[in-house]
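Following: one structure in structure tokens, then a few remarks.
Structure representation (structure tokens):
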């Protein structure tokens, strides 16, 4: 790999890690959008596997609420695994771009509504039965499209977590979804273990960007954080909408 290409890769993953550090999500979306401009998507996806997993794990364990979050969300996570592994064959047989288009529309509508209206919350009684339902639906959508933000992200935001707990909860959801999707694709012979080696090139830049983003997040208030979070959902939705046309 040339020095110029490695510098470009490093800058991409610093930016993607920064977005993730501030908002708790977005590393794959930002990195894939930029990497896809100059390399085949399968290679770009291979580069994302390890840095995505590592940053999600760090996001989950950076904070005091890990055990509380896991004990609260374990059933949702279990259904994410079941749904993702069961539906992962769809990612191979259908074009995920148009499914991602619909998800992008839903994200933009949700985020725009949330920006101009009061926050909505899910009561404890409703959370008990909604959690596994949301997990199962998120799993099926993840398996079919490779996108694991809906409906898990708005659901987690509605559970009255503070900003740092929300980031940890997102880290848990994304870690479980990433591993489950990798397992599902591997079981369908669509994921090569040897591609992991490409990912290690991007770990340090992603971690550096994530560290910078976390420093920024620590300096902004809960209201500003929520606004940044929702604005990022709109950006994410726009990226998903554009996928069928690029």
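In my numbering, the protein residues as written are 114 to 359.
All C-beta atoms in this analysis are idealised placements derived from N, C-alpha and C, irrespective of residue type, glycine included.
Residues near residue i by beta carbon distance below 6 Å, same chain, minus five either side
i: residue 117; result: none
i: residue 327; result: 134
i: residue 338; result: 276
i: residue 150; result: none
i: residue 318; result: 123, 126, 127
i: residue 291; result: 165, 166
i: residue 202; result: 301
Residue i classed as buried or exposed, judged by whether at least 16 other C-beta atoms fall within 10 angstroms
i: residue 237; result: exposed
i: residue 177; result: exposed
i: residue 131; result: buried
i: residue 188; result: exposed
i: residue 220; result: buried
i: residue 330; result: buried
i: residue 300; result: exposed
i: residue 163; result: buried
i: residue 120; result: exposed
i: residue 168; result: buried
i: residue 125; result: buried
i: residue 342; result: buried
i: residue 115; result: exposed
i: residue 303; result: exposed
i: residue 190; result: buried
i: residue 334; result: exposed
For residue i, the nearest candidate out of the options (CA to CA)
i: residue 312; options: 246, 188, 346, 159; result: 159
i: residue 276; options: 164, 175, 125; result: 175
i: residue 255; options: 241, 233, 199; result: 199
i: residue 181; options: 332, 317, 274; result: 274
i: residue 258; options: 197, 359, 184, 185; result: 197
i: residue 347; options: 359, 126, 222, 325; result: 222
i: residue 359; options: 194, 146, 190; result: 146
i: residue 136; options: 290, 279, 314, 316; result: 279
i: residue 185; options: 241, 127, 211, 123; result: 241
i: residue 270; options: 129, 233, 260, 295; result: 233
i: residue 144; options: 265, 226, 315, 297; result: 315
i: residue 340; options: 195, 183, 226; result: 226
i: residue 195; options: 336, 260, 296, 183; result: 296
i: residue 310; options: 298, 351, 157, 152; result: 157
i: residue 272; options: 148, 294, 239; result: 239
Neighbourhood of residue i by C-beta, 7 Å cutoff - its chain only, sequence neighbours within 5 removed
i: residue 192; result: 245, 248, 249, 252
i: residue 173; result: 179, 281, 284, 285, 288
i: residue 214; result: 353, 354, 356, 357
i: residue 267; result: 223
i: residue 325; result: 131, 134
i: residue 265; result: 247, 251, 286
Cβ neighbours of residue i in the same chain (closer than 8 Å, five flanking residues each side left out)
i: residue 344; result: 224, 228
i: residue 171; result: 284, 320, 323
i: residue 349; result: 138, 139, 142, 217, 220, 262
i: residue 207; result: 257
i: residue 210; result: 356, 357
Min CB distance residue i to chain C below 9 Å
i: residue 358; result: No chain C appears in the structure shown, which is made up of a single protein chain.
Residue i Cβ short of 8 Å to the ligand GDP heavy atom set
i: residue 220; result: Looking at this structure, you won't find the ligand GDP or any other ligand, since it has none at all.
Exercise. If you scan the region 265 to 296 from start to end, which runs of the beta strand (DSSP E) of 3 or more residues do you find wholly inside it?
Worked result: none
For this session: With a floor of 4 residues, list each alpha helix (DSSP H) that falls wholly inside the region 147 to 220, ordered by position along the chain.
Result: 154 to 174, 179 to 200, 202 to 206
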